[in-house]
Amino acid sequence: MPEHTDAITPRYRRFAFRWRIWQRRALIVSLRVARLVGTGIRRFLPALRYVGRALQRRWRRSLQFRTVLTTLLLAVTSFAVVGAYLSNQIANNLFQERLTQAESETRYNVKQVQETFDGAQVTDQSSVITLVYDTLNAVEGRGSVIQRRYVFEAMPEQTKPRNRWVESRASDQLTVSVIPPELRKAVQESGKDQYWASTVIPVGTEDRPGIAVGNKVTFNGTVYELYLIYDLNTAQQTLDEIQSVLWAGGAVLVLLIGAVAWYVTRNVVSPVSHAAMVSEKLAAGQLQERMVVRGEDEVARLGASFNHMAASLQEQITQLATLSQMQQRFVSDVSHELRTPLTTVRMAAEVLYDARGDFDPINKRSAELLYNQVERFQSLLSDLLEISRFDAGVAVLDAEPEDILQVIAHVIEGAAPVAAEYGSEIVLSAPEDAIVVDMDARRIDRILRNLILNAVEHGEGKPVTVTVAANRTAVGIAVRDRGIGMDPAEAARVFDRFWRADPARARTTGGSGLGLSIATEDTKLHNGWLQAWGRKGSGANFRLTLPLRQGEEIEESPPVQLEPEDASAAGEPGSVPREPDTRNILVLETGAARLAPVPTPKENP
């Protein structure tokens, strides 16, 4: 016994060792297969996403693609529904035809078998077997259309004496198991009624559809179940051929419909695409582009109308461009021509103005009016010359990194006399640190001077607040007055040339109506924004937003709000103005300027 155990142990160990090796190999192979599958999926998914995005882009941009694809989908759906309906109807008709034939032939053959059994005069075993065999073989064979087989089985649990010589018989490869149990039960419980059921017939290595028709027959006092089984393989082949023809015909028709849809839509969409391309070229300034017109149909009339419209637009645009050039040249020439006589007139006006103390009151007043109006005329002439440079496209930006807070302080200091005249104070709210911006200081100075002087002029003696803030890409400057204000319609037109909210209003601080227009053009040169907000009785707010570095984009949220936070509370009884934050604030009062730090706001107890 110990010797036998010792002989088995090494063999078991070798088997366990090999088993572990095969387990490891199987694990390695599984991991490699999983890695390959994962790599394939990772490489395949981007291709699917690319194809999906390409199809979506094609679907959005191509009317012809959408029309052809929609037509194909509708055609495929229609042919699938119609084909399925026709196939089902043909299958039902074929089956009903074969079933009718099977029932008719079964009745006839069962009647012949029963008559043969009833007239048989046999008593020995061999004669009985031979009679049953010959009778059933006569039933088996080919009917009028359908191949026929049989299953002959004695009913179980019979009370009468049974013929033990013949229990069952069937055609080759068939057994009673091919008969559905429901059919056998129906035949066994019936009298002389005939029943049928669909079944599957094994023929060689394949299974074929069939119909089993069952009846009862008696022989020598024994009741038998006789099932005639009809092979429907020929009907199935016929149905398969019909379905193949239907699907092949449907595929050919779908392709033909797709080709027809592509051809028709191409004839309709091509002129539209050509019109879109010509429209884009016209929008790009190529006014000589025209559509090619062929024929006399609706598309041709559309092309002719389009060409007529393009010619009319070209003529009008050319006229407007010519008039604009003439206007710009006229303004530029007149401005240049007026500079020399204006200089002479100004010199004479200055001489008279300086000597006005020796004049009588009337002449003294005339000298002062002459001097002031010459100053306004010279300002208007300078603005016209600047506008003509912008219109001619010769304005150049001379940008250098500078601290914008110094520019703002210089502008506020220059506006101090005007603020003192109107009785307003200018409050600057800005961070302590310098804000370096790539800018043309001369143009930014001009923009801010226009904004601040306008705020003082329209502020009705109330404080004017200049707020400065910056983020990582832009700096925002807001000039807020609390004067008469303006409605949204006026705010939308405030940057138009020579526009005034009240044309009858007199200007006492000069101004040509071009200041904000020039400010807008200067802002565009810096790739910035200049926006206006106003409300009647609440004042106005102008916001200038500039990128910190030339070539950078401004974020969607500027660092300064366009609508002031105190706008909703302005003018309301009992409202308290919002206190500014802890920044350095420069206040320009009616007297001298002073720089005062604002204390930190305290919460009310």
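18 is the number of the first residue of the sequence shown in the working numbering; add one for each residue after it.
Ideal Cβ positions, reconstructed from N, Cα and C, are used throughout, including at glycine.
(request) Return the chain-ordered list of same chain residues with a C-beta closer than 8 Å to the C-beta of V295, the five sequence neighbours on each side being excluded. (result) Only E306, R307, M308, F323, A327 meet the Cβ criterion.
(request) For the alpha helix (DSSP H) containing M294, list its first residue and its last residue. (result) 250–300
(request) Indicate the three-state DSSP secondary structure (helix, strand or coil) for R165 in the structure shown. (result) strand
(message) For L468, count the other beta carbons within 10 Å of its own beta carbon; 16 or more makes it buried, fewer makes it exposed. Which is it?
(response) buried
(message) Quick check on A278: buried or exposed, where buried means 16 or more other Cβ atoms within 10 Å of its Cβ?
(response) buried
(message) Short of 7 Å in beta carbon distance, which residues of its chain neighbour V139, apart from the five on each side in sequence? Order them along the chain.
(response) V145, L148
(request) Starting from the C-beta of L111, find all residues in its chain whose C-beta is less than 7 Å away, skip the five residues before and the five after it, and write them out in chain order. (result) A252, T255, L256
(request) Could you have a look at R552 and say whether DSSP puts it in helix, strand or coil? (result) strand
(request) From the DSSP output, in three-state form, read off R35 for me. (result) helix
(request) Would you kindly report the start and end of the unbroken beta strand (DSSP E) that includes S215? (result) 212–220
(message) Pop quiz: G320 and V310 are said to be a contact at Cβ under 8 Å. What is the actual Cβ separation, rounded to whole angstroms?
(response) 4 Å
(request) Tell me V511's beta-bridge partners as DSSP assigns them. (result) None, per the DSSP bridge assignment.
(message) Measuring straight from C-alpha to C-alpha, what distance separates R37 and L44?
(response) 10 Å
(message) Would G464 and L561 qualify as a contact pair, given that the criterion is a beta-carbon distance under 8 Å?
(response) Residue identity differs from the one stated: residue 464 is Ile in this sequence, not Gly. In this structure, L561 lies closer than 8 Å to I464 by Cβ.
(message) Between the segment 241–251 and the segment 113–124, can you find at least three pairs of beta-carbon atoms closer than 8 Å?
(response) yes
(message) In the DSSP output, what is S185 paired with across the bridge?
(response) E170
(message) Give me, in chain order, the residues of the same chain whose beta-carbon lies closer than 7 Å to that of A214; leave out the 5 immediate sequence neighbours on both sides.
(response) P197, E199, L200, A229
(request) Under the assumption that L531 contacts R514 (Cβ atoms under 8 Å), give the Cβ distance between them as a whole number of angstroms. (result) 6 Å
(request) State the DSSP-derived secondary structure class of K381, mapped to helix, strand or coil. (result) Helix.
(request) Starting from N232, follow the beta strand (DSSP E) in both directions and report where the run begins and ends. (result) Run containing N232: 223–236, per the beta strand (DSSP E) assignment.
(request) Assuming V626 contacts V217 (C-beta within less than 8 Å), just tell me the rounded distance between them. (result) What is shown of the chain runs 18 to 622, which leaves residue 626 out entirely.
(request) Would you kindly work out how many angstroms separate the C-alpha atoms of A317 and P288, rounded to a whole number? (result) Roughly 9 Å separates the two Cα atoms.
(request) Ignore the nearest five residues each way along the sequence and tell me which others in W546's own chain have a CB closer than 6 Å to its CB. (result) T562
(message) Please classify F512 as buried or exposed, where buried requires at least 16 other C-beta atoms within 10 Å of its C-beta.
(response) Buried: at least 16 other Cβ atoms inside 10 Å.
(message) With DSSP as the reference, identify every bridge partner of Y244, one or two as the case may be.
(response) V168, G231
(request) Return the chain-ordered ranges of every alpha helix (DSSP H) run that is complete within the segment 398–478 and spans a minimum of 4 residues. (result) 421–431, 433–439, 458–475
(request) Work out the CA separation of S188 and N232 for me, nearest whole Å. (result) 17 Å
(request) Specify whether the segment 442–459 and the segment 479–488 touch according to this definition: at least 3 beta carbon pairs, one from each stretch, less than 8 Å apart. (result) yes
(message) Looking only at its chain, what residues have a beta carbon closer than 7 Å to the beta carbon of S185, apart from the 5 residues adjacent to it on each side?
(response) F169, E170, A171, V193
(request) Could you tell me if the beta carbon of V368 falls within a distance shorter than 7 Å of some heavy atom in the ligand FAD? (result) This structure lacks the ligand FAD; in fact it carries no ligand of any kind.
(message) Are the CB atoms of T282 and Q626 within a distance shorter than 8 Å?
(response) Nothing about residue 626 can be reported from this structure: the residues present for the chain run from 18 to 622 only.
(request) Could you check the C-alpha separation between K9 and T152 for me, to the nearest Å? (result) Not covered by the structure: residue 9. The range shown for the chain is 18 to 622.
(request) Look at V492 and I425 and say whether their C-beta atoms are less than 8 Å apart. (result) no
(request) My understanding is that D539 touches R460, with C-beta atoms under 8 Å, so please give their C-beta distance in whole angstroms. (result) 4 Å
(message) I believe P480 touches E438 by the beta-carbon criterion, under 8 Å. Please report the beta-carbon distance rounded to the nearest angstrom.
(response) Contact doesn't hold; Cβ gap of about 15 Å is too wide.
(message) Please classify H475 as buried or exposed, where buried requires at least 16 neighbouring CB atoms within 10 angstroms.
(response) buried
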